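Data block below; observations after.
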Amino acid sequence: MIRQRAIWIALVGLVLVAGALSGPAGRAQPERKPARVMLLGVWDRVMPLIERASTESDVPYVALSGADLADSDGESLDGIQVVYVLNFEAHQATRLQELFEQAKRDNPQLKIIPLSHRDTHVPLESAGVFDSDPEVQSYWSGNGGVNLRRLFQYTAVTYLGAEGEVKPPLIIPDAGFYHPTLSGPLQDIKEYRKAVGWKVGSPVAVLLMQHSFWISEDTRVIDAETRALEDHGFNVAVIFGGAQEELLEMIRSVGPDILIEDRHGSTWERPGEGSFLEELDVPYLRPISMLGSTVEEWRKDVHGLTPRDYGKFLFSQEHKGTIEPMVVGGLKVNIAGFRLHEPIYERIDRFASRAAAWVNLRRKKNSEKRVAIIYYNRGLGKDDLMRGSPTGAFLDAPESLARFLPRMKQDGYKVDPVPANAEEILQQIMLRGRNVAPWAQGELEAMADQPGAVLVPAEQYETWYRTKLNEKLRSEVEKHFGPAPGKLMVVTRNDRKFIVLPNVQLGNVLLAALPVRGEKEDEKLLHSRDVPPPHNYLCFYWWLQEEFKAEAILHWGTHGTAELLPGKEAGLSNEDWPDICMGSMPVINPWIMDNIGESTLSRRRTYAALVDHVPPPAVQAGLPGELRDLQDAIHKFKTLETGLLRGEFRKQISRTAVDTRVAETLEIEGLDKRGATDDEIQRIDAYTHEIENSTTPLDLHVLGEAPDDSVLVPYLKTCLGRDFL
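In the working numbering, the protein residues as written are 184 to 908.
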C-alpha cells in the first residue's frame, strides 16, 4: 500500500488542476506531469528538500518505502523511467528483485540506480538488477537543496529526454563546525570561536551531529540543544562528519569539558591503543532524538521508546560509556505526511541543566562540593541499617563507607567529623538517620529533637508540591497518601507540621536514609509501578535539590528505589516519577559488576553513572552433613536391586527429606507417612546436587580491598568450573 507521502504528491497534482479553474479569466493551467521518477526508501527528513527540488526542476516523482513496493503488485512502477534506491529491509530484497526484473522486461529502458551502497543491496547487485551511475551517487552524497535540484535536472536531461544544462555536483564539506547562527560550516576552530562569540573561561560542550542531518537541513533539535546549552553557560561546538582521525583532531582542538553524542552511533576504539574516550576523560552524554515514534506517540507510550530506538540509542551505546539517555526530540508528521524531527523544548532544557551539573561537579573545588550519600533502610525498624547482605549487592556497606569518608577528606572534601569506624557510623545513623514506622511516633519525636535534625515545614513542602507537580500527578499521590504533607515521618511543633528527613550531616557530606514508600515497606510496594511516591519521599529528593543543593548523590550499597517508581521504562518525560525526583542532580552509584540486568534500570530511569566493583570471592557451597548423608543414601539406593534393603533406604531417604525440610521446599507431601516414589527421589537428588554445585560468597566486599591471596585458588577453581579443570 502506497504511503501517505505518495498520496500527497498525487494530491498536489489535483490541487494544481483545481487551481486552474480559479485562474485569471478562466485561463487553463497546465496539468502536473505524471511521475516518471521513483524514490525508494529515502529518509523522511530529506523529503521537504526533494519536494522543493522537484518543483523547481519540474520533475515529478513518487516516493515509496521498501515495504510499500514489496507488498504491492508492482503497478506503481508503470510509467516510471528511473528508480533511485536507498533503503529497504533485507527480507524485502527477493520480492523487490522480482518486481524490478518484471518491470525491466516490460520496459527495457527502465533504469534502477542505487543512491548509495547498502548491505541489503547485495542480492540485487549480484542479480544484475541495478544500473550503475556514479554521477547520481555524487549528487546524492553531496545532498542538500542545491545538489538535489541538480540531481533532478541531471535526471531529466540524462534519462527523461529533456533539454537543458547539467551542472556538476556541488562539493559539500565532509566535516565542519556548525552553529545555527552561521550561514555555513567553518573548518577552523579559531574562526568558529570568533564567529559565535566564544566566552573565555566558560565550560565547553562538543555536540556531535549526524552529517546527513546537516546536509538535509534537519537541524531543529540540534539548534534547540545548542541554544539551551548556551543558556546554561556553555560554549558549544557542534561538529559533523569527518573520518575517524579527523574527527578526533577536531574534538581535541576544542578541548571540551563534556561530550554529547547526537549521532546514530559511534566507534572510538583505535588499533593498539586505548579508547579515545579514556584519553578525553570527560562525561559522555547521550540525548535521544527518536527515529521510531512521533512526540505524541512517545508521550502516550508506557514503554517510552520503540524497539528501534532502544537498539539505536541504548543497546548499542550504553556499553561505550554513554550516560544521561534523555529524550530531547522525536518525529512530527507535517502536512505532506513526512516525519521530521521536532524538538521537545522542556526535555532539552532538563538535559542541558543536567549537563551543566556534571561540568559543575568536575570544575568546583572538592572543598565546596556538597554530596549526599543515600543508604538503604528498606524496613521501618533498626535491623537493616546499611546491612551488608545480598540485597546490598554483596557489599559491606558500613565498612566500605568507613573507608570511603576518610578518602574523601584526604581528597579535599569537607567531611567533618570523620567517623572513626563502621560502628560509629551505625551508631549515628541509629540515633538520627533511620526511618521510623507510624506506630513508633515517640521514636520519631525523639529523632526530630536531635541536634542537626532536618525538619521541612509543611508550608515549604506544599509550595514545592504545587509548583513541581501538575494536578494529575498530585491527584495520584493524594489517592494513595492523602493531602500534603501526609502522615509518614511527620511531627507537629507549635501547631505546625514538619516532615522529618533522617540524616547525619558531616560537613558538606550528608548521610541519609533512603525514604520509605509507604506505611508498610514490603517487596510488593517497593517494586510497584502503580503506586506513586509518598509525600515524605518527594520531600526528601526536593530538599536535596532546593535546600541541601547536592552537587551529586550516591546510592550506597545498592541502587535506590526511584528506579522502580511508576513511569516510562526508558526515555522519561517530565511526568515520570524518577525524572521528577532526580531533577538535575548527577547520580553516581557504586555497582557490583555482575549485576547487568538492574544496571539498565539505574542508567535509564535515574540517569546514573555506575562505578563498578568486584563481587566477593565465591566458592562452591558444598553440602552440610545431613544433606550429604541424604545424597549418599540416594546414590546407594540407585545401586540396589528391588528388595528389602532398597526399601529400607527408601524409608531413610524419606525421613531425612522431611527432617531437613527438603520435602517441604520441593512441595512433596506425606513423606512422614509413606516412602518417596522413584520420581520424587530423583527430584530430591537433583536438588542436593544443585545446592552442592551452587556458589556462595566467602565474605562481603569492602571497597578498595582486594581479595586475600589465600582465597584466590579456590575462587579461581570455582570460576573455571569442573569442565575446565
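Ideal Cβ positions, reconstructed from N, Cα and C, are used throughout, including at glycine. Here the structure is a predicted model, which is why all the values come from computation and not from measurement.
Measuring straight from C-alpha to C-alpha, what distance separates residue i and residue j?
i, j, result
"S328", "L232", "For the sequence presented, residue 328 should be read as Gly rather than Ser. Roughly 6 Å between the two C-alpha positions."
"R590", "P439", "28 Å"
"G625", "K670", "14 Å"
"I779", "S499", "15 Å"
"S237", "V511", "32 Å"
"L588", "H663", "38 Å"
"E850", "E831", "23 Å"
"P217", "R288", "21 Å"
"L307", "A411", "46 Å"
"Q835", "R844", "14 Å"
"D302", "Y375", "37 Å"
"T901", "R586", "29 Å"
As a quick exercise: from the options, pick the residue whose alpha carbon is nearest that of residue i.
i, options, result
"K515", "L391, E239, R228, P890", "R228"
"L222", "W647, P439, L334, R288", "L334"
"V349", "T338, P356, N290", "T338"
"D842", "F832, E831, L854, R833", "L854"
"T277", "N270, A641, A253, I612", "A253"
"N677", "V660, T879, R435, A641", "A641"
"M473", "T489, N604, V485, V265", "T489"
"N270", "P297, E444, V389", "P297"
"P526", "V265, P470, S299", "P470"
"Y720", "E702, P698, L282, I443", "P698"
"P897", "E809, P799, A846", "P799"
"D579", "G595, D594, Y559, Y596", "Y559"
"E824", "D861, C902, A846", "D861"
"V383", "D357, M768, V437", "V437"
"K680", "V637, Q427, G701, I405", "V637"
"H394", "G359, T409, K655", "G359"
"S299", "N326, A286, Q292, Q275", "N326"
"E181", "Y467, A791, H718", "Only positions 184 to 908 of the chain appear in this structure, which leaves residue 181 out of reach."
"E501", "N757, D241, E444, K548", "E444"
Mapping the DSSP letters down to three states, classify residue i as helix, strand or coil.
i, result
"R833", "helix"
"P880", "strand"
"M630", "helix"
"V485", "coil"
"R679", "strand"
"L828", "helix"
"T477", "strand"
"Q280", "helix"
"I557", "strand"
"V660", "helix"
"R446", "coil"
"R210", "Per-residue confidence for R210 stands at a pLDDT of 35, beneath the threshold of 50, marking its modelled position as unreliable; no derived number is given."
"A745", "helix"
"A339", "helix"
"I779", "helix"
"L914", "Lying before the first or after the last residue shown, residue 914 is absent from the chain, which here runs from 184 to 908."
"V951", "The question about residue 951 has no answer, for the chain in this structure spans 184 to 908."
"W739", "strand"
"I608", "helix"
"P151", "There is simply no residue 151 to check, as the chain begins at 184 and stops at 908 in what is shown."
"I851", "coil"
"R188", "Caution applies to R188, whose pLDDT of 40 falls short of 50 and renders its modelled position unreliable; the model cannot decide the point."
"A286", "helix"
"A641", "helix"
"K909", "Since the first residue shown for the chain is 184 and the last is 908, residue 909 is missing from the structure and cannot be characterised."
On the DSSP bridge list, what partners appear for residue i?
i, result
"P773", "V794"
"A801", "P880"
"Q688", "L693"
"W381", "Looking at the DSSP assignment, W381 forms no beta bridge with any residue, so it has no partner."
"F423", "G359, M392"
"K515", "L523"
"S472", "G512"
"K373", "None, per the DSSP bridge assignment."
"A246", "L222"
Does chain B have any CB closer than 8 Å to the CB of residue i?
i, result
"A576", "Any reference to chain B falls outside this structure, which holds one protein chain only."
Rounded C-beta distance between residue i and residue j? I'm assuming under 8 Å.
i, j, result
"K294", "Q336", "About 16 Å separates the two Cβ atoms, so there is no contact after all."
"W760", "K651", "Actually they are not in contact, since the Cβ atoms of W760 and K651 sit about 11 Å apart, beyond 8 Å."
"Q728", "M672", "Not really, about 18 Å apart at Cβ, beyond 8 Å."
"I441", "L737", "Rounded, the Cβ-Cβ distance is 20 Å, inconsistent with contact."
"R787", "P508", "6 Å"
"P716", "L693", "Actually they do not touch by this definition, with Cβ atoms about 19 Å apart."
"D401", "L523", "6 Å"
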